[in-house]
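Numbered per this note's numbering, the sequence shown finishes at 145, counting up by one with no gaps. Every residue gets a Cβ at the ideal spot worked out from N, C-alpha and C, and that includes glycine.
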Amino acid sequence: MTPREVFEKMRDYWVTGTEHYIWAPDLVVETPFGVTKRISGGENFREIARAGRAALPVTFTACNTIAIHDTIDPDVIVVEYELVATMNATGEEHSAQFIGVLTVRNGKVVHWREYQDTARMTAALSG
Numbered sequence: 019m020t021p022r023e024v025f026e027k028m029r030d031y032w033v034t035g036t037e038h039y040i041w042a043p044d045l046v047v048e049t050p051f052g053v054t055k056r057i058s059g060g061e062n063f064r065e066i067a068r069a070g071r072a073a074l075p076v077t078f079t080a081c082n083t084i085a086i087h088d089t090i091d092p093d094v095i096v097v098e099y100e101l102v103a104t105m106n107a108t109g110e111e112h113s114a115q116f117i118g119v120l121t122v123r124n125g126k127v128v129h130w131r132e133y134q135d136t137a138r139m140t141a142a143l144s145g
């Protein structure tokens, strides 16, 4: 799969929770503005992502691609996207925008660096 095809699988995973087994064993996930700055290992990431998702007070309803930028490396793309979620307790809909740098090798994610709009996420989660 190309990086664009892998990103489509990631989008589906965020909204539906369907595991597509796109995470390489040597995966590195970085969120410089997030609480957890770095996660190493595909299986470790899966466990942390499952637990994190279960703890969220929201249900993701959409992931809208704003733009996908190719780079000089055919294995790397930069993506701009918006996650939309509904608050489970109130039914209110909120969204936040993100930028991610995705590196794919042999159809698997080997590196994902995500820049999050933490202020907007905190405001939505705090009600």
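Partner residues in a beta bridge of residue 90, as assigned by DSSP, do not exist. Looking from the CA of residue 119, the closest CA among 106, 41 and 49 belongs to 49.
When secondary structure is reduced to three states using DSSP, residue 39 falls in the coil class, being assigned neither helix nor strand. Runs of the beta strand (DSSP E) lying entirely within the stretch 95–137 and spanning at least 3 residues, in chain order: 111–123 and 126–134.
Looking at 74, 65, 39 and 45, the one whose alpha-carbon comes closest to that of residue 107 is 74. DSSP, read as helix, strand or coil, puts residue 76 in strand. Counted as a single uninterrupted DSSP element, the alpha helix (DSSP H) harbouring residue 21 occupies residues 21–34.
Counting only the Cα atoms, residue 84 lies some 16 Å from residue 112.
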